[in-house]
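Note sheet for the following structure.
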Amino acid sequence: KSKDRIPTHPLRGDGVITRHKNVLLGIQVADCVPVLIVDPKRDALGAFHAGWRGTVKRIVERGVGSMRAVFGCKPADLHAAIGPCIHSCCYAVGDEVIDEFRSQFSYADELFSEVYDRDPVKEKYPLLFLTARAPGHSNIGPQKHLDLVEANRRQLLDAGVPESNIWVAEECTSCRADLLFSHRGEAGYSGRMMGVVGLIG
Numbered sequence: 351k352s353k354d355r356i357p358t359h360p361l362r363g364d365g366v367i368t369r370h371k372n373v374l375l376g377i378q379v380a381d382c383v384p385v386l387i388v389d390p391k392r393d394a395l396g397a398f399h400a401g402w403r404g405t406v407k408r409i410v411e412r413g414v415g416s417m418r419a420v421f422g423c424k425p426a427d428l429h430a431a432i433g434p435c436i437h438s439c440c441y442a443v444g445d446e447v448i449d450e451f452r453s454q455f456s457y458a459d460e461l462f463s464e465v466y467d468r469d470p471v472k473e474k475y476p477l478l479f480l481t482a483r484a485p486g487h488s489n490i491g492p493q494k495h496l497d498l499v500e501a502n503r504r505q506l507l508d509a510g511v512p513e514s515n516i517w518v519a520e521e522c523t524s525c526r527a528d529l530l531f532s533h534r535g536e537a538g539y540s541g542r543m544m545g546v547v548g549l550i551g
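Counting in my numbering, the sequence shown runs from 351 upward without gaps.
Shown next, in the form of structure tokens:
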């Protein structure tokens with residue numbers, strides 16, 4: 351059937367599912383979250399690229415739904431891997447992102463943390479900076495940081511994937527720009543990493 355043919359050109363999009371064997375599904379990232387899903391009982395695969403926009407649109411949760419609808423997968427049988435990506439320690443976001451998450455998730459505020467910029471000189475010599483600002487101007491407040499890893503882990507859990515079946519990479523791409531590619535950590539001049547998943551048979 352034509353619908354079963356394997357594409358010979360690169361696919362565009364943020365998610366792909368298949369039951370074809372001896373084919374690798376790949377997701378390119380440089381801070382965004384790569385989520386790879388396997389159903390060993392149904393021989394089904396999914397690969398999803400979850401940046402903040404894709405996360406807001408529930409790309410991973412909807413991906414699990416597609417695997418259920420198309421392949422008959424049961425969430426309890428799924429195994430998911432969340433690959434290296436930017437972590438909350440380095441992912442400051444603005445009001446637009448915060449508002450989008452609050453509009454979609456009842457637990458959105460649990461995904462954000464407040465982080466103050468550290469200045470070792472100010473911490474060591476605070477008196478030098480008492481008059482650094484004009485009268486009436488307060489210090490700059492904290493930045494809001496988003497935990498994309500937890501956001502996508504929650505989507506997997508909400509979709510019914512057992513917590514014990516979810517693996518999360520500990521590395522932050524921005525913290526480890528010496529080892530991994532990071533769009534933010536390398537000021538926009540970075541390569542791309544690829545997460546791949548496949549079935550042999």
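Beta carbons are placed, not taken as given, at the ideal position from N, Cα and C, and that holds for glycine. The structure presented is a predicted model; accordingly, all values stated were derived computationally and were not measured.
Query                                                                                                                                                : Result
Could you check where the beta strand (DSSP E) with GLU464 kicks off and where it finishes?                                                          : 462–465
Can you tell me which residues form a DSSP beta bridge with HIS399?                                                                                  : PRO384
Mapping the DSSP letters down to three states, classify SER352 as helix, strand or coil.                                                             : Because the pLDDT at SER352 is just 45, under 50, the model does not fix this residue reliably, and the value given afterwards should be weighed accordingly. Helix at SER352.
Hey, quick one: how far does the beta strand (DSSP E) through ALA509 stretch, first residue to last?                                                 : Where ALA509 is concerned, there is no enclosing beta strand (DSSP E), given that its DSSP letter is neither H nor E.
Can you list, in chain order, the residues of its chain whose CB lies under 8 Å from that of ASP508, leaving out five sequence neighbours each side? : GLU411
Compare the beta carbon distance of CYS440 and CYS522 with 7 Å and say whether it is the shorter of the two.                                         : yes
Leaving out five residues before and five after LYS351 in sequence, what residues of the same chain have Cβ atoms less than 6 Å from its Cβ?         : With a pLDDT of 42 at LYS351, under the threshold of 50, the predicted position of this residue should be treated as unreliable, and no value is reported.
Beta carbon of ALA442, beta carbon of GLN493: below 7 Å?                                                                                             : yes
What are the boundary residues of the alpha helix (DSSP H) that includes VAL373?                                                                     : Neither: VAL373 is in no alpha helix (DSSP H) and is coded neither H nor E.
Determine which residues share a DSSP beta bridge with LYS494 and list them.                                                                         : VAL443, GLU464
What does DSSP give as the partner residues of MET544 in its beta bridges?                                                                           : GLN378
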